[in-house]
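The block underneath contains the structure these notes are about, expressed in structure tokens.
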Amino acid sequence: MLDTLFFQDMIMITVEKSDPFSSESHRLIEMLSGELAAITGDNGKSNFTVETMNDDKALWVLAKNSHGEAIGCGAIRPLTQNVAELKRMFSDRSVHGVGIALLTFLEAAAKEMGYNEIRLETRCINFRAVNFYEKNGYIRIENYGPYIGRAEAVCFSKVLP
Numbered sequence: 126m127l128d129t130l131f132f133q134d135m136i137m138i139t140v141e142k143s144d145p146f147s148s149e150s151h152r153l154i155e156m157l158s159g160e161l162a163a164i165t166g167d168n169g170k171s172n173f174t175v176e177t178m179n180d181d182k183a184l185w186v187l188a189k190n191s192h193g194e195a196i197g198c199g200a201i202r203p204l205t206q207n208v209a210e211l212k213r214m215f216s217d218r219s220v221h222g223v224g225i226a227l228l229t230f231l232e233a234a235a236k237e238m239g240y241n242e243i244r245l246e247t248r249c250i251n252f253r254a255v256n257f258y259e260k261n262g263y264i265r266i267e268n269y270g271p272y273i274g275r276a277e278a279v280c281f282s283k284v285l286p
């Protein structure tokens, strides 16, 4: 899998496979957890651990700016043989376009890894995330797995082309 370069307003964003245990990854995960706690009252750590990234069909990526600084992260991990789950998507918002760069890379990687669908969960109150996923072709589905029966959660799916 090749690194992917994205150009947004003449600013380069590189998305690449990375080590989820690295200090850069840890810093971004903690930033995401803090932001989620402020928005939703829950840091989101209960349904994700970096150890789940050890699976052969899992992938952790970082987005970096033109100076090589990590400015975003995201992951896919297996839900079933053909369905990946999108986890820990985050941008520090220092550069416009990081979210779409990460999502585009992860969708292409998921397809390459044999997945034909991606699912995810976010909180209803996280309007920015809900709008982002809807804008990028994700459709609301019934809550799955640990999110069944949780009114604060909203789940999405996208069939990969």
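Reading the sequence shown from the start, the letters are residues 126 to 286 in the numbering used here.
Ideal Cβ placement from N, Cα and C applies to all residues, glycine included.
Tell me VAL279's beta-bridge partners as DSSP assigns them.
-> Translated into the one-based positions of the sequence shown, residue 279 becomes position 154. THR247, per the DSSP bridge assignment.
State yes or no: is the C-beta of SER150 within less than 8 Å of the C-beta of SER158?
-> Here the question's residue 150 lines up with position 25 in the sequence shown. Here the question's residue 158 lines up with position 33 in the sequence shown. No. Outside cutoff.
Specify whether the region 233-253 and the region 263-271 touch according to this definition: at least 3 beta carbon pairs, one from each stretch, less than 8 Å apart.
-> yes
Can you pull the DSSP bridge partners for ALA162?
-> The sequence position of residue 162 within the sequence shown is 37, counting from 1. Bridge partners of ALA162: none, in fact.
Give every residue of the same chain whose Cβ lies closer than 6 Å to the Cβ of SER219, excluding the five residues on either side of it in the sequence, and list them in chain order.
-> On the sequence shown, residue 219 is found 94 positions in, with the first residue counted as 1. Hits under 6 Å: ILE196.
Nearest-angstrom Cβ-Cβ length linking ALA235 and ALA209, presumed shorter than 8 Å = To locate residue 235, count along the sequence shown from 1; it is residue 110. To locate residue 209, count along the sequence shown from 1; it is residue 84. So it is a contact: roughly 5 Å between Cβ atoms.
Span separating the alpha-carbon of GLY239 from that of VAL284 = For the purposes of this step, residue 239 is identified with residue 114 of the sequence shown, where counting begins at 1. For the purposes of this step, residue 284 is identified with residue 159 of the sequence shown, where counting begins at 1. When rounded, the distance between both Cα atoms is 12 Å.
Alpha carbon to alpha carbon, how far is VAL140 from GLY274? Give it in angstroms, no decimals.
-> On the sequence shown, position 149 is the one that residue 274 refers to. On the sequence shown, position 15 is the one that residue 140 refers to. Each residue's Cα considered, the two are about 35 Å apart.
Tell me whether the beta-carbon of ALA188 lies closer than 8 Å to the beta-carbon of LEU227.
-> Counted from its first residue, the sequence shown places residue 188 at position 63. Counted from its first residue, the sequence shown places residue 227 at position 102. Yes, they are a contact pair.
CYS169 to MET137, Cα distance in whole Å?
-> Locating residue 169 in the sequence shown gives position 44, where the first residue counts as 1. Locating residue 137 in the sequence shown gives position 12, where the first residue counts as 1. Note on residue identity: the sequence assigns Gly, not Cys, to residue 169. C-alpha separation (whole angstroms): 29 Å.
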